[in-house]
Every structure is written in C-alpha cells, then in structure tokens.
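Since the structure comes first, as structure tokens, the remarks are kept for the end.
2 protein chains.
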Amino acid sequence: MASEKTGPQVFPVIMAGGSGTRFWPLSRAARPKQFLPLATSRPLIVETLARLKGLAPPKNCSVVCGAVHAPIVRKTLPALPKQNVLVEPQARNTAPAIALATLHVARKNPRGIVVVIPSDQHVADVPAFQAAVTEAIAVAEQGRIVTLGVHPSRPETGYGYIQVGAPISGTACEVKRFAEKPDRATAEQYLVSGEYLWNAGLFVFRADVMLEAFATFMPELSKALDAIRPALGTKKEAAVVRREFPKMPATSIDYGVAEKASNMAVVPCRCGWSDVGSFNALPEVRPLDDAGNVTSGPTFVIDSSGCVVIADAKPVAVVGMKDVVVVDAGDAMLVLPKDKSQDVRKVVEALKAKKLTGYL
Amino acid sequence: MASEKTGPQVFPVIMAGGSGTRFWPLSRAARPKQFLPLATSRPLIVETLARLKGLAPPKNCSVVCGAVHAPIVRKTLPALPKQNVLVEPQARNTAPAIALATLHVARKNPRGIVVVIPSDQHVADVPAFQAAVTEAIAVAEQGRIVTLGVHPSRPETGYGYIQVGAPISGTACEVKRFAEKPDRATAEQYLVSGEYLWNAGLFVFRADVMLEAFATFMPELSKALDAIRPALGTKKEAAVVRREFPKMPATSIDYGVAEKASNMAVVPCRCGWSDVGSFNALPEVRPLDDAGNVTSGPTFVIDSSGCVVIADAKPVAVVGMKDVVVVDAGDAMLVLPKDKSQDVRKVVEALKAKKLTGYL
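Spelled out as structure tokens, the structure:
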C-alpha cells in the first residue's frame, strides 16, 4: 500500500487544459467540460480530485490549466493550495503541460511519484481505480513509466489502444505497443483479441524518470525545462515560463515519450471508466429512468425513451421522442439526435461564423 | 357590393372565448392562441380584425371573450371601442356568445348583418375571403343564415363538414346537411365527392333572423335574451347578463341552430384558410426555408427538415432533426414530433397534476 507516511510521496497532476465544444451549450470557452457536473451533481474536476483522496493529500495535488481557467479552478477546488494551480501560457498538448508539472514535483522531491490524471473523466468504481493507481505507483517506484489501461467494453474508434506485453509483477505488464485510433474493423479485432486496452491518458512515474525520458526523447523540451528550473519559486518564474513554454514542441506525452520509451508498463484497470466524450456518453455515467432517459432539472419527459434531457431553471417538456438530446443551458438551447451528438460542433461553427462570441 | 354607406350595416362579431392548450408553452390560460403571432408577426386576433377592413368600420366590430381576457383584447385591439368588448360571464360554447352579440347588434339595427368570425384562424387570400363574405351578406339580407364553407384540401377528421345542396344565387347554395367530424374513410369519401365543405365556424345573418331562430330552436336561450334586452345600455346590464347567461344552454350554434334551421345557405370559399389548430399546422401558414422548416427568432437549424423551431430571446439550435417541433417560450420549452403536436396536452395535464399553475 502506498501511503503518504510509509510509502513514496505521491503528487497527482490534474490535467485541465481542455477546451472542447462537445457539450455546447453547457460548455463554453470560459467553462469547458471539466467544470460541468456531467456525471454527478459535482463538476468532473471536483470528482477527479475527490477520486485521489487517500492516495495523496490536496497539498500534493496540482492542476495544469490555461490562464483563462485558473480563477475557475481555484474557485471550484478551494481545498487546493493556490500555488498548485500551474498555468500553461498557451495550450501546447500534453507533453509540455506534464513537463512543467513534473519539474515542480522534482523540486519538492526528485523521486516523487507523479500521477497524471485528466480532469474530465468519470470513474464509477473508485476503489478499483485506487487499487490500480496504487499498483502503478509500486511499479513506477522501480523506474517504470506506467500507464493505466482501461478494459475496453466496445469497439471504440475514438481512443488510442495499448497492446499488453509480458507480465512484470501483479497485474502490471510490459507494453507491446501503443496503437493509434483504429478503424472499426481493427477496433473489433482489438476487442476480441483481449490483448488491447484503452489508453485513457493516465500516467504514473517518478519525476526523475520522466525528466530523464524528456532529455532522451524530447531534447528541445528538456532544454526549456533547464531554463525554467532555476526560476521556480522566484519572482521571475512566471516570466520565464511564459518565455520558455512556447519553445516546447506541442506534442502529446504518448507520441513524445510513451511510444518511444523502453521502460513503459501498463496496469489494467476495470473501474467503470468513461471519458464522458459527448452527450451520447451521459447514459453510461448517469442514472436512467425506467424508459432509459437521463434527466436533470425540471423536466417533463413523456412517452419518450433513450433521451438526454437537461433543464436549467425553467421546465423542459419532451413528448413522444426517442434517442434525442435536449439541453437548455439557460441562455441557449440545443436539440439533436443522441447518436449525432458530435454534430454540436456545427452549431459552434455557425455561432463563430455569425460572430456570436457571447455564446461560445 | 356591400358597403357601409349604400348597403346594409355590417357588424362583425369576433369570437375570442377560446382557451386552448394546443400551443403550450406559447399559449397559456391568460394568453390563449388568438393572442399569439402564430401565422404572421401580428397576433391572430389582430389579423382577424384587419381582415374585416372595408367590410365594416371598427366601431361596428365587437369581440366576445371571457372576463379574464377582456383587458388583453382591449390592449391588443386599440382601434376597437372599449364598449365593443362583450364579456361572457362564463364559457358556454358558441350559441350563448353569438346570442349576446346579436342582441347588441339588434339594439343598434334589428336588420343589421352579423358576421361571426373566429378570432384564431388564418386566411392567406384576404380579397377572396372578403368576396365570399360580401356574397354571404347579400344572401343574408334575404333572410338566410349563411355559413362560409371552406373547400377541403385534405381528408381532415378534425372538422365538421357541410354538404352542399341546390344553388341559390351566385355561388351560394342550400345546405343539404351539416355532418359531424367524420372518420378517416368518410373524410376521404367527402373529399373525392366534391360535395362537402369544411365548417369553419363563419356565419353571416341578419340580427332579427337569428333572434327568431333562437326563439324557434332554443327557447330557453331566447328567454334569457328577453331578460337581458331591457337592461342593455343601462347600469344593470352587467349584473343581468351575469344572472341570465348561465341559464342559456351551453350549446354550439351548429347544433343549436344551424343543423335545425331550414333557411340555411352556404357560400363556398377558397381563401387559404387554416384554423391553425396545432404546431403541425404552422407550415401551412408560415413561410418555409429551403428544407421545409418554419423558424422564428434566433434559431440555428442545421441538417434538419420539416421542423417548426420557435425561439424566444435566446438562441435555439436544432441539428440533424426531422419533423420535430421545438419551442422556447422564454419560461418553458417543448420538444415533440410534429405529427404528435396534439400530445402537448399531456404536458399540460402533467403540469396540472403537479400544480405548476404558473406554467398553465
């Protein structure tokens, strides 16, 4: 068991740089998905921090986000020390964000264990999740970069996959390879093979191990880290980060490190995970009524099944509909078929074209 | 040609006693259908009064409505003299309302021509409508009770029908019979026969002729009128009407008089008439976009066809939908299939059951 006193020091890093539009009109540029109570009555990012309880104290947790979201992060997570909100001067994919957070951890404890966790996912079975992270921490202590692999439940074409290799210890295994988002046929093959897990963006590693990996596989990024390191904790920190961060390549940690490193490991995880990718995913993570509808707020859902109906303050009535999404965000509303949830981007594009930025 | 100077005096009576729920959430108890701008940018009742321009001056027009709606009638129709708003003490179907209005007309001119016109219909071709009314007025002058019959455009099962009899003069004919709302097969038979017209609730008659008909066919009602007559124009009028009106049988003019009288006539009318009976009827009366959608307000209708999308102040986005009704009334919203528009009553029932009277 990893615990703060007897085991290694654990430093969760919550990745909150996302700015998706897939939950418009609920999500907006100023209030992206991770700040919405999509799976429970609390915002996803609040559940994410709560999910780490027992693994690490809040003072060890940090959040990486864009400057525009730092105030809402601080407001939404009051237990988090203010200095633990790390601001990316610009969105440059996951490698630079993880690098910056890892640098901060290394300053506190070079052998500290970093747990990278996206802020906008849902986990139904928290004990199973914590057990997997605990096992990953133990493997990471040995110098491995560990990724959590989610047992796939469908031939999903929207995620990357991890092919599992030889056993290491416990349930942890070598990584045979990281596979890009597959086509449908390949995804079905992955599913029946039993050899593939979903890459959920969850990474566990020692700070010093990852900094070494950056030095090996991402020298440009590493050079920027070297420039930032002496400024950490000084008055110059913000200015130096602003100057150096844009020099880092805008690359994912998967492509920049995980697909290249030889010390990767994977811990399989069956924990009711969902990336809550669109309105279509809400029935996975929320309670359903007898007709399979997800409802929230003052709704009247009559003769309808398989719908997602989200009301704000005022009543929303849905009669005789099947598999549709109806959302009232208070200042804008949306209706579309549930299985075309991704087409919400067409509305966002139309709003942009009409320069209705107040609704973006 | 009937004109105010050279022809008979014409007294339009606009029937505004309706309190339907078929346009919820736009329509409410305090603001029923006739006060909504459903067909044009103006409320149906405003269009109804405008449709009479040239047939009669506003001072000859009256509106019959419930007490609760008298203020909104006065506000919506400022050109109408205030005393021309006749209040029904209670809703008792069309015969008592027409009787009360006819009594008022008879006091001004016993041979005055009453034109009864529902307040909540739409007419696309106003000149054709006026030509038919003008012809009906001429026939009514001869002592007939004339109904306007609308050429049917589909085998509608929601209306009563008029079977046309022998020609009288011009296009006016005897009425062979009034037929109740038919079943589908009968409606189809009516349509192909060419002998049947829709009963649209439009009646034209001399005041004295109708009062005589009431005396013959509705003696109880006639007795109440006799009690009201001496009080008209006096301080006691309101009290006497309140006392006598409930004594009148709550019967339709069709059942009470039209189906029984032998001096009925019908003038066929092809005037782009619609009763605007539900959201499903809006595509009949409103302009359509290229994909056959009706839209109003700030809407974003994308990859969708055959929809009715009504926004209030805030944007309503509809993506990938077919033949649905989406209505935002500002304080409540509704989504349902267009061809199940009548099921809106189920929402109204649910609101009643939950005692959410503020939304009724």
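One line per chain: the protein sequences are A and B, in this order.
According to the working numbering, the residues represented by the first sequence are 1 to 360, in order.
According to the working numbering, the residues represented by the second sequence are 1001 to 1360, in order.
Note that beta-carbon positions come from the ideal geometry of N, C-alpha and C, so glycine has one too.
Helix, strand or coil, according to DSSP, for residue i in the structure here?
i: Gly1358 of chain B; result: helix
i: Asp1343 of chain B; result: helix
i: His69 of chain A; result: helix
i: Phe1279 of chain B; result: helix
i: Asp1254 of chain B; result: helix
i: Ser41 of chain A; result: coil
i: Asn1199 of chain B; result: strand
i: Ala1265 of chain B; result: strand
i: Arg286 of chain A; result: coil
i: Thr1299 of chain B; result: strand
i: Thr1147 of chain B; result: strand
i: Ala1317 of chain B; result: strand
i: Leu336 of chain A; result: strand
i: Pro58 of chain A; result: helix
i: Asp328 of chain A; result: strand
i: Arg393 of chain A; result: In the structure displayed, chain A extends from 1 to 360; residue 393 of chain A sits before or after that span and is not available.
i: Pro1246 of chain B; result: helix
i: Arg1074 of chain B; result: helix
i: Lys1053 of chain B; result: coil
i: Phe1023 of chain B; result: coil
i: Glu1004 of chain B; result: Residue placement at Glu1004 of chain B cannot be trusted, given a pLDDT of 45 that sits under 50; what the coordinates show is reported in the next sentence. Looking at Glu1004 of chain B - three-state DSSP - the assignment turns out to be coil, as it is neither helix nor strand.
i: Lys1236 of chain B; result: coil
i: Lys1260 of chain B; result: coil
My guess is that residue i and residue j are in contact by the Cβ rule of under 8 angstroms, so how many angstroms apart are they, rounded?
i: Gly1436 of chain B; j: Pro1268 of chain B; result: In the structure displayed, chain B extends from 1001 to 1360; residue 1436 of chain B sits before or after that span and is not available.
i: Glu88 of chain A; j: Gly7 of chain A; result: Wrong, their Cβ atoms sit about 30 angstroms apart, outside the cutoff.
i: Phe1205 of chain B; j: Gln1090 of chain B; result: About 24 angstroms; that fails the 8 angstroms criterion.
i: Ala1138 of chain B; j: Cys1271 of chain B; result: Not really, about 17 angstroms apart at Cβ, beyond 8 angstroms.
i: Ala1296 of chain B; j: Val1285 of chain B; result: Sequence inspection shows Ser at residue 1296 of chain B; the Ala mentioned does not correspond to that position. Their Cβ separation, rounded to whole angstroms, is 12 angstroms, which puts Ser1296 of chain B and Val1285 of chain B out of contact at 8 angstroms.
i: Ala101 of chain A; j: Leu86 of chain A; result: 6 angstroms
i: Val1335 of chain B; j: Val1326 of chain B; result: 5 angstroms
i: Gly292 of chain A; j: Ala313 of chain A; result: Not a contact, Cβ separation roughly 25 angstroms.
i: Glu1195 of chain B; j: Thr1171 of chain B; result: Their Cβ separation, rounded to whole angstroms, is 14 angstroms, which puts Glu1195 of chain B and Thr1171 of chain B out of contact at 8 angstroms.
i: Lys340 of chain A; j: Val1319 of chain B; result: 7 angstroms
i: Gly277 of chain A; j: Arg22 of chain A; result: 7 angstroms
So the alpha helix (DSSP H) residue i belongs to, where does it begin and stop?
i: Ser193 of chain A; result: 184-193
i: Leu103 of chain A; result: 94-108
i: Glu1220 of chain B; result: 1219-1228
i: Pro1127 of chain B; result: 1126-1141
Can you find a CB in chain B that lies within less than 8 angstroms of the CB of residue i?
i: Ala29 of chain A; result: no
i: Pro283 of chain A; result: no
i: Val326 of chain A; result: yes
i: Phe300 of chain A; result: yes
i: Tyr359 of chain A; result: yes
i: Thr295 of chain A; result: no
i: Asp343 of chain A; result: yes
Along the chain, where does the beta strand (DSSP E) that runs through residue i open and close?
i: Lys176 of chain A; result: 172-179
i: Ala1079 of chain B; result: Here Ala1079 of chain B belongs to no beta strand (DSSP E), and DSSP marks it neither H nor E.
i: Glu1088 of chain B; result: 1085-1088
i: Phe11 of chain A; result: 10-16
i: Gln163 of chain A; result: 161-169
i: Pro1118 of chain B; result: 1113-1118
Chain A beta carbons: is any one of them nearer than 8 angstroms to that of residue i?
i: Pro1315 of chain B; result: yes
i: Gly1320 of chain B; result: yes
i: Lys1346 of chain B; result: yes
i: Lys1352 of chain B; result: no
i: Lys1181 of chain B; result: no
i: Ala1332 of chain B; result: yes
i: Phe1279 of chain B; result: no
i: Leu1026 of chain B; result: no
i: Leu1336 of chain B; result: yes
i: Lys1340 of chain B; result: yes
i: Asp1289 of chain B; result: no
i: Asp1226 of chain B; result: no
i: Asp1303 of chain B; result: yes
Considering only heavy atoms of the ligand COA, does any lie closer than 7 angstroms to the CB of residue i?
i: Trp1198 of chain B; result: This structure lacks the ligand COA, and indeed carries no ligand of any kind.
Residues of chain C with CB under 9 angstroms from residue i, in chain order?
i: Tyr196 of chain A; result: Among the protein chains in the structure shown, which are A and B, there is no chain C.
> Are three or more beta carbon pairs between the stretch 1144-1160 of chain B and the stretch 1176-1195 of chain B nearer than 8 angstroms?
Replying inline: yes
> So, do the stretch 54-65 of chain A and the stretch 339-359 of chain A have three or more beta carbon pairs nearer to each other than 8 angstroms?
Replying inline: Segments in contact, no.
>> Under 8 angstroms, with one C-beta from each stretch per pair, do the stretch 1153-1163 of chain B and the stretch 1104-1120 of chain B reach the 3-pair mark?
In response: no
>> Counting beta carbon pairs with one atom in the stretch 1061-1081 of chain B and one in the stretch 1021-1028 of chain B, are three or more of them shorter than 8 angstroms?
In response: With fewer than three CB-CB distances shorter than 8 angstroms, the stretch 1021-1028 of chain B does not count as touching the stretch 1061-1081 of chain B.
> Just checking, does the stretch 1042-1053 of chain B make contact with the stretch 1208-1228 of chain B on the three C-beta pairs under 8 angstroms criterion?
Replying inline: no
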